[in-house]
Amino acid sequence: MTNTLLSQIQALGVVVDIDSMDPKAAESLSVSTTFHSMTSNQAIVNGQLQVQWDANLESLVSQYVQDAAIDISTEDGILKVLNLVTVLLASKVIPYLDKAGRVLAQTSPRTAYNKDATVAHAKALINVFGKHGISRDRVCIKIPVTPESILACKELEEGGIRTLGTCLFSVPQAMAASQAGCLSISPYFNELRVHFPEGASSYIEYSDPVRQHPMSPIIYSIIQAFKERQTSTTVVPASIITLDEAVALARLRPHHLTIPDRVLALLAVAPERLDDELSAVTLKVTGETSAFDADYLSNNAAALQMALSKDAETSRKIKEALEIFGRQEEESIQFLRKALSANEA
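When you line the sequence shown up against this note's numbering, it's residues 11 to 355, in that order.
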């Protein structure tokens, strides 16, 4: 097998996950590499729902709605349908993952500030995965790191359901997720909005992203803090736009990288780089020492609430990400209602 930039990154000990639910892309890329896990979110589900509806989803979803007598006009009913869609899409990709890898599904943004509702949605997803032959040891539930939802992570982890802290932009969020026992966290390198037409103009492509990108020192600080504290929570940076960003993040030596199929395809054909270009970097640790050692979960995650209230930029990014995921979820709901109603006509 030809040595490529992708294989070079993996040789550093950085595990590669696929940030996509496109089974064709996963199959094509699996010829040149092995992925550990598959990540997803409401935007990825929405895109693949519309691409795969006719070929892979329509008959199964329609049959489910009929057999279970689902009322798609209700929120509860249509969200059950969306859970099924999420699981069916994941089931198409899991054959291309490592045998120990997991498929990841994200709880609804509408429950992000409600612990019990987040727990309920996570358990519902696990239940549907199980009914489709995917056991909980092959699943991880992505949950936005808000004060309420990080407590949901703790409860789920204590019950044997693995979680990943997402919509994560800061050290306090990362430390809170670690204290909750999350399997992993995914700090976003880029803001979510840059992946969409309305926010693309705000994207900045740095010539040296490992040293210039504002998230590099934050992610570096999280990785170092986890190493020093020997936490079991792994760091899986996400929201990668370019090949050079993937290289930059690899130089921070995270446990995993989750990379979109488009960027993976570029990495899979790019030639290896000089070793110096992928050497580990040392950056200045960001944040006060107290930020790494606070108890973020006690008193209903009061310390995390306080940290976020003092961090306007992180709070803005979380709010914006949840709004975008909410719009994507709503698009999926409207698509499903229209498609399923047409079948009934």
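All C-beta atoms in this analysis are idealised placements derived from N, C-alpha and C, irrespective of residue type, glycine included.
*Return helix, strand or coil for Ile153, following the three-state DSSP convention.*
strand
*asked:* Within the continuous alpha helix (DSSP H) that includes Ile54, where are the two ends?
replied: Gln52 to Gln62
*If you check the beta carbons only, do Leu332 and Ala122 fall under 8 Å apart?*
yes
*Nearest CA to the CA of Val25: which residue from Val246, Leu39, Glu167 and Ile80?*
Val246
*From Pro264 to Lys237, what distance separates their C-alpha atoms?*
10 Å
*Looking at the structure shown, is Met185 part of a helix, part of a strand, or coil, going by DSSP?*
helix
*Since Val113 sits in a beta bridge, which residues does DSSP pair it with?*
Met48 and Val149
*Would you call Ile160 buried or exposed, if buried means 16 or more other Cβ atoms sit within 10 Å of its Cβ?*
buried
_Mapping the DSSP letters down to three states, classify Ile269 as helix, strand or coil._
strand
*asked:* When you compare the CB positions of Ala280 and Leu267, do they come within less than 8 Å of one another, or not?
replied: no
_Reduced DSSP category for Cys192 - H, G, I as helix; E, B as strand; rest coil_ = coil
*Let me know the secondary structure DSSP gives Ala216 once reduced to three states.*
Here residue 216 turns out to be Tyr, not Ala, going by the sequence shown. Tyr216 falls in the coil class under three-state DSSP.
*How many angstroms separate the CA atom of Gly111 from the CA atom of Leu193?*
12 Å
*Cα separation between Val75 and Lys141?*
15 Å
*Quick one, which of Ala36, Asp86, Thr84 and Ser42 has its alpha-carbon nearest Leu99's?*
Ala36
*Nearest-angstrom beta carbon gap, Ile228 and Thr296 [assumed within contact, 8 Å]*: 6 Å
_If distances are taken between C-alpha atoms only, which option among Asp286, Pro157 and Ser101 comes closest to Thr128?_
Pro157
*Which residues in the same chain as Ala235 place their Cβ atom closer than 6 Å to its Cβ, once the five residues preceding and following it in sequence are excluded?*
Phe302
*Roughly how far, in whole angstroms, is the beta-carbon of Ile144 from the beta-carbon of Ser180, given that I think they are within contact range, below 8 Å?*
32 Å between Cβ atoms; not a contact.
_For Gly175, report the span of its beta strand (DSSP E) as first-last._
Thr173 to Leu178
*For Ala21, count neighbouring C-beta atoms within 10 Å of its own C-beta (all shown protein chains included) and say buried if the count is 16 or more, exposed if not.*
exposed
*asked:* Is it buried or exposed, Val105, if we count other Cβ atoms within 10 angstroms and call 16 or more buried?
replied: It is worth fixing the name first, because residue 105 is Pro in this sequence and not Val. Under this definition Pro105 is an exposed residue.
*Distance between beta carbons of Glu330 and Glu201, contact taken as under 8 Å*: 7 Å
_Measuring alpha carbon to alpha carbon, tell me which residue in Ala317, Pro219 and Glu282 is nearest Asn13._
Glu282
*Under a Cβ-count criterion, where at least 16 other Cβ atoms within 10 Å of its own Cβ denotes burial, should Arg221 be classed as buried or exposed?*
exposed
*Below 8 Å between beta carbons: does that hold for Arg203 and Ser212?*
yes
_Assigned secondary structure, Asp27 (DSSP; H/G/I helix, E/B strand, else coil)_ = strand
*Thinking Ile232 and Pro182 are a contact (beta carbons under 8 Å), I'd like their distance in whole angstroms, please.*
In fact, because the Cβ distance is near 10 Å, the residues do not count as touching under 8 Å.
*Between Asp271 and Ser17, what straight-line distance do the alpha-carbon atoms span, to the nearest angstrom?*
15 Å
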